[in-house]
Amino acid sequence: MPTVLIIDDNAAVGIALDVLFSLHDIAALRAASPEEGLAILAREPVDLVIQDMNFTADTTSGEEGVALFREIRARHPDLPVILLTAWTHLDAAVDLIKAGAADYLSKPWNDDRLLATVTNLIELGQANRALGQRLQRERRARRELEQNFDLRGLVWADPATERVLSLACQVARADVPILITGPNGTGKERIAEIIQANSMVRDGPFVVLNCGALPSELIEAELFGADAGAYTGASKAREGKFEAADGGTLFLDEIGNLPLAGQMKLLRVLETGRFERLGSNRERQVQVRVISATNADLGAMIRAGTFREDLYYRLNVIELKLPALAARPGDILPLAHGFRARGKTLHPGAEAALLAHAWPGNVRELKNVMARANLLAQGDVIKAADLGLPLPAGGMPDAEPDRDAIIQALARAGGVIAQAAAELGLSRQALYRRMERLGIARAA
């Protein structure tokens, strides 16, 4: 049950509010003086404070209430405070609202308005605490990943990426094939490098073969090697990727492009570790960890008869699904900042444009966009126009940060309002007003 602390020297006020809140499942604590109220705050969990502005008889200046409010704000900076007084001083109210007071109500109060305000603030506080706990869990998980594993300098912030990374690191030391799926340009090879770096064969070679970059008739020779004369142009024997990767990892990108004949031979190598070069009858033995990747729908290819089902299950002992960049928006700005040239900064309008773009080319597209912007930006600030992205429906974004830009700034600042506000070029209270207007919870 949420708890409200009422600090008022008028016992009748405390009793009336206590009864009102009890009818709506809200617990109430009462204090008759600022000192008593601060003592209760020091020992009791409280969700909201309702405080009077005057505590001494025949005093209407509100100075006592101002002093109490500032003391509460100093000790409990995120605790919502509603100011309640029979003597309305507009200037004092405006100043305290600017200083962070949640509301300023006159006595006698309107029960419906007071209840609505209290309920909304309590719900917002609960959401803030939940957000704060989630952010703490995410930061703790990130620290654990960075401390316990070699992440090869990967830049990320989105929970979706973290889940893929966590699973990749978890299975890295297991000697089983791994299939990484996801659209082109999402960073599948980087995930493969991280798996290799944390595997039992991390000191071995890491060999890459893009099965989609070679003619089908040459893929088998690339994989298994060829003796001299095995095919036209093979004037001398050549080592294949499996031999080159012996004692390490072989990363087969675009595995869906492997022809059926090559699929059959690959299946045999995965099962036995043995293969023959093209044109040779001599069997060779290797110890290779195979990681494969594809952007293709292998299930549809199996149904169409263009990919072997037994090979699919052999490759897919562990599947890592890397989402498109648009599905992990938390990564966009950290990656963009990582790709910007030294000394360059991103204008808030540019950040808004980056967040608004659909990124069909994923991380590869973002890298190219930032390379262009680094060259075209005049001065040290990269603006939206420098990115060369299609204009959103509303035209060129301006310096006013939108909801996503604010959320990303808060995430980078770890929920520290002052730091996020400075990054966005706003005052602390201006950022609070935008957060309230856009429905963004404040971290506890």
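Residue numbers (our numbering): -4 to 439.
Every residue gets a Cβ at the ideal spot worked out from N, C-alpha and C, and that includes glycine.
- Query: Between V159 and the rest of its own chain, which residues show a CB-CB distance below 6 Å, the 5 nearest in sequence each way excluded?
  - Reply: L315 and L317
- Item | I175 in three-state terms, based on DSSP | strand
- Check whether P178 and N369 have beta carbons under 8 Å apart: no
- From which residue to which residue does the alpha helix (DSSP H) around V166 run? P154 to V166
- Looking only at C-alpha atoms, which of L273, I35 and R263 sits nearest to A223? L273
- Query: For E271 versus R284, is the C-beta spacing smaller than 8 Å?
  - Reply: no
- Task: For K231, count neighbouring Cβ atoms within 10 angstroms of its own Cβ and tell me buried if that reaches 16, exposed if not.
- Result: exposed
- Message: Quick check on L146: does DSSP put it in helix, strand or coil?
- Response: coil
- In chain order, what residues of the same chain have a beta carbon less than 8 Å from the beta carbon of L361, not counting five sequence neighbours either side? L320, I327, L330, A331, F334, L349 and W354
- Message: Can you tell me whether E431 is buried or exposed? The criterion is at least 16 other CB atoms within 10 Å of its CB, across all chains shown.
- Response: exposed
- For A436, which residues from the same chain have a beta carbon less than 6 Å from its beta carbon, with the 5 sequence-adjacent residues on both sides left out? A122, N123 and L126
- Task: Excluding the 5 residues preceding and the 5 following H352 in the sequence, name in chain order all residues of the same chain whose CB lies nearer than 7 Å to its CB.
- Result: L384
- Apart from the five residues just before and just after S422, which ones in its own chain have a Cβ nearer than 8 Å to its Cβ? A416
- Message: In the DSSP output, which residue or residues are listed as bridge partners for L370?
- Response: Beta-bridge pairing links L370 to no other residue.
- Nonlocal neighbours in the same chain, by C-beta distance under 7 Å from P40, ignoring five residues either side: T(-2)
- Message: Tell me which residues share the same chain as D241 and place their Cβ nearer than 7 Å to its Cβ, disregarding the 5 neighbours each side in the sequence.
- Response: V281, Q282 and V283
- Whole angstroms is fine: what's the gap from L433's alpha carbon to I21's? 27 Å
- Task: Reducing DSSP to helix, strand and coil, say where R335 ends up.
- Result: coil
- Query: With a cut-off of 8 Å, does the C-beta of G338 fall near any C-beta of chain D?
  - Reply: The displayed structure is made up of one protein chain only, and chain D is not part of it.
- Message: I'd like to know if the region 340 to 348 and the region 165 to 177 are in contact, where contact means that at least 3 CB-CB pairs between them fall below 8 Å.
- Response: no
- Message: Quick check: the region 141 to 155 against the region 250 to 259, are at least 3 beta-carbon pairs closer than 8 Å?
- Response: no
- Could you check what DSSP says for A23 in three-state terms: helix, strand or coil? strand
- Hey, could you find the ends of the alpha helix (DSSP H) D381 is sitting in? A379 to L382
- Message: Here's the rule I'm using: 16 or more other beta-carbon atoms within 10 Å means buried, otherwise exposed. How should L74 be labelled?
- Response: buried
- Message: Going by beta-carbon coordinates alone, are I173 and I190 separated by less than 8 Å?
- Response: yes
- Does DSSP put R423 in a helix, a strand or coil? helix
- Thinking C-beta only, is L18 closer than 8 Å to I67? no
- Message: Taking only three categories from DSSP, how would you classify F237?
- Response: helix
- Task: Report the rounded CA-to-CA distance for L371 versus R359, giving the unit in angstroms.
- Result: 19 Å
- Determine, using beta carbons only, whether A34 and L0 come nearer to each other than 8 Å. no
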